[in-house]
Amino acid sequence: MAKDYYAILGVSKNASTDEIKKAYRKLAHEFHPDKAGHDAKKKEHSEKKFKEINEAYQILSDPEKRKQFDQFGTTFEDARRNGAGFGGFGDFGFGQTGNVNIDFEDLEDLFSGAFGFGRARQGTRARGVAGRDIEVSLTINFREAVFGARKEISLYKTVTCANCKSTGADPKSKIITCSTCNGQGQIESVQNTIFGQFRSVRACSACGGQGSRAEKACGACAGTSVVKETVALKIDIPAGINDSEVIQLSGQGEAGRLGAKSGDLYIKVRVQADEKFERRKDDIWTKLKISFAEAALGTTKEIDTLDGTVRLTIPEGTQSGKVLRLTDKGVPHLKGRGRGDHYIEVVVVTPTRLSKRQRELLREMETG
4 MAKDYYAILG VSKNASTDEI KKAYRKLAHE FHPDKAGHDA KKKEHSEKKF KEINEAYQIL
64 SDPEKRKQFD QFGTTFEDAR RNGAGFGGFG DFGFGQTGNV NIDFEDLEDL FSGAFGFGRA
124 RQGTRARGVA GRDIEVSLTI NFREAVFGAR KEISLYKTVT CANCKSTGAD PKSKIITCST
184 CNGQGQIESV QNTIFGQFRS VRACSACGGQ GSRAEKACGA CAGTSVVKET VALKIDIPAG
244 INDSEVIQLS GQGEAGRLGA KSGDLYIKVR VQADEKFERR KDDIWTKLKI SFAEAALGTT
304 KEIDTLDGTV RLTIPEGTQS GKVLRLTDKG VPHLKGRGRG DHYIEVVVVT PTRLSKRQRE
364 LLREMETG
């Protein structure tokens, strides 16, 4: 039966090269024979499936072979066997010597997942471990969020060891060649796979990939190059920051080991609500209650703003729900100049208890 290589990889006929590669990697990881353990039937099935997946990938990842497969369709295999314009197509069995192009980047990812090792780059040596990031919450009040503030927080975290200055070595200790890797900084191992032998290189754990180490470790940090301390940090809260926004302080997280980069500090700001003011983006909203007479005749009212009290003129005939605006009395823009506005929603309070005379006057006013 003719094979449909697209179906084998689970991709469409117009799939891109990247989509084909992604599908191959996923299936190769899933059906790798060594993942079947010692179950003979499972291993036989995995080897068959793995061979089929690899064959499909060799065809579809090669532009010329894919073009030929698309052209001949179901007669592709017959044409290949008969040599009808096909070159470079060998068998895909394990241990056989067909002309197969292997993508070693794929194999590296595949074997690192199946066997737990990967391909080391020449000339690279492991260094210290980068410090972890820290996430904390900081609660501030409404006005601090609006106008900004300086706050102080305490963190219990790893910091660079002052005794060894992040080397992990006793300051008076001699530096000697690492006996584990003989000064190479790397440990080489060879692993047998179904494709032959693969060489892997790992950083030496004894010296951290440096090739040398101190004869005696630092007594203050036990050779780790970091110690735990409580640190006080002053945080500048920018004017205009909103609830749930995050401040990032680079290098203020956990200290890196052996001179590696420190992590970052992320501060999630929590803003307490205010009894008077409601914030909507960078605008401030408040409500102003006035009487029926004040709405009809107009009046002047004192309004509380973020900057203090101002006098606001209420024009005659103001209806309940009307919104008045005070420009540039809102929240400073966090990213840019200027401020938002202050909006006042007028609420006309309807009287509930009227005297006989008041009722008569209202009726007279209504009838004109």
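The opening position of the sequence shown corresponds to residue 4 in the numbering used here, with each subsequent residue numbered one higher. Each residue gets a CB set at the ideal place from its N, CA and C atoms; glycine is no exception. Quick caveat, the model's predicted, so the values are computed rather than measured.
Got a sec? Which residues, its chain only, sit under 6 Å from residue i by beta carbon, not counting five neighbours each side?
i	result
Gly134	Gly256, Glu257, Ala258, Gly259, Ser265, Gly266
Arg360	none
Thr321	Ala298, Val349
Val132	Arg260, Ala263
Asn148	Looking at the sequence provided, one finds Ala at residue 148 rather than Asn. Same-chain partners within the cutoff: Ile244, Val274.
Thr233	Ser157, Tyr159
Gly13	Ala26
Glu138	Tyr269
Ala59	Tyr8, Ile11, Leu12
Val272	Leu141, Ile244, Glu248
Thr183	Cys207, Ala209
Ser169	Thr163, Ser228, Gly262
With DSSP as the reference, please indicate the residues paired to residue i in a beta bridge.
i	result
Arg205	Ile190
Val334	According to DSSP, which records beta bridges pairwise, Val334 is partnered with nothing at all.
Leu309	Looking at the DSSP assignment, Leu309 forms no beta bridge with any residue, so it has no partner.
Ile143	Val274
Glu348	Lys290, Val326
Ala172	Ala220
Lys160	Glu232
Ile137	Leu268
Arg342	Pro335
Glu281	Trp288
Between the options, which lies nearest to residue i when the distance is taken from Cα to Cα?
i	options	result
Cys181	Ile190, Glu47, Asp173	Ile190
Lys219	Cys184, Gln251, Ile238, Ser176	Ser176
Arg342	Lys284, Glu363, Pro354, Leu365	Lys284
Leu236	His35, Leu252, Asn245	Leu252
Pro318	Pro66, Val132, Thr303, Tyr60	Thr303
Gln194	Ser203, Gly188, Leu337, Leu261	Ser203
Gly186	Ser169, Ser192, Ala206	Ala206
Ile56	Arg28, Cys221, Glu47	Arg28
Ile143	Ile238, Val162, Phe53, Ala59	Ile238
Lys6	Glu47, Asp21, Ile62	Ile62
Arg340	Asp331, Tyr346, Ile240	Asp331
Ile287	Ser228, Lys271, Thr308	Thr308
Lys174	Ser140, Ala225, Arg362	In the sequence under discussion, the amino acid at residue 174 is Pro, which differs from the Lys named in the question. Comparing Cα positions, the closest option is Ala225.
Leu327	Phe34, His336, Gly311, His345	His345
Leu315	Thr289, His336, Cys221, Val334	Thr289
Ser19	Asp65, Gly254, Thr312	Asp65
Leu329	Leu337, Val313, Lys338, Lys279	Val313
Specify the secondary structure class of residue i as computed by DSSP and reduced to three states.
i	result
Lys154	strand
Thr303	strand
Ile270	strand
Lys292	strand
Arg28	helix
Leu315	strand
Thr180	strand
Arg356	coil
Asn376	The question about residue 376 has no answer here: the residues shown for the chain are numbered 4 through 371.
Ser49	helix
Glu111	Low confidence applies here, because Glu111 scores a pLDDT of 49, under 50, leaving its location unreliable; read the following figure in that light. The answer is helix: DSSP assigns Glu111 an H, G or I state.
Ala165	coil
Val132	coil
Which residues in the same chain have their Cβ closer than 8 Å to the Cβ of residue i, if we skip the five residues on either side of it in sequence?
i	result
Ala223	Cys164, Ala165, Asn166, Cys167, Val230
Lys16	Tyr9, Asp73
Arg216	Ala172, Ile178, Ile179, Cys181, Ala209, Cys210
Arg366	none
Ile293	Thr302, Lys304, Ile317, Thr321, Val349, Val350, Val351, Val352
Gly214	Arg128, Thr180, Cys181, Cys184, Gly186, Gln187, Gly188, Cys207
By Cβ distance, which residues of its chain are closer than 7 Å to residue i, with the 5 residues on each side in sequence left out?
i	result
Ser277	What sits at residue 277 in the sequence shown is Asp, not Ser. Result list for Asp277: Phe145, in chain order.
Thr300	Before going further, note that residue 300 is Leu rather than Thr in the sequence given. Taken in chain order, the residues that qualify are Glu319.
Asp21	none
Val162	Val229, Val230, Glu232, Val234, Ala258
Flag residue i as yes if its beta-carbon sits less than 8 Å from any beta-carbon of chain C, otherwise no.
i	result
Lys284	The structure shown has no chain C; it contains just one protein chain.
Could you check if residue i belongs to the surroundings of the ligand NAP, using beta carbon to heavy atom distance under 7 Å?
i	result
Gln71	The ligand NAP is absent from the structure shown, which contains no ligands of any kind.
Mind pulling the beta strand (DSSP E) runs of 3 or more residues that sit fully within the stretch 198 to 265? 199 to 206, 215 to 217, 229 to 240, 249 to 252
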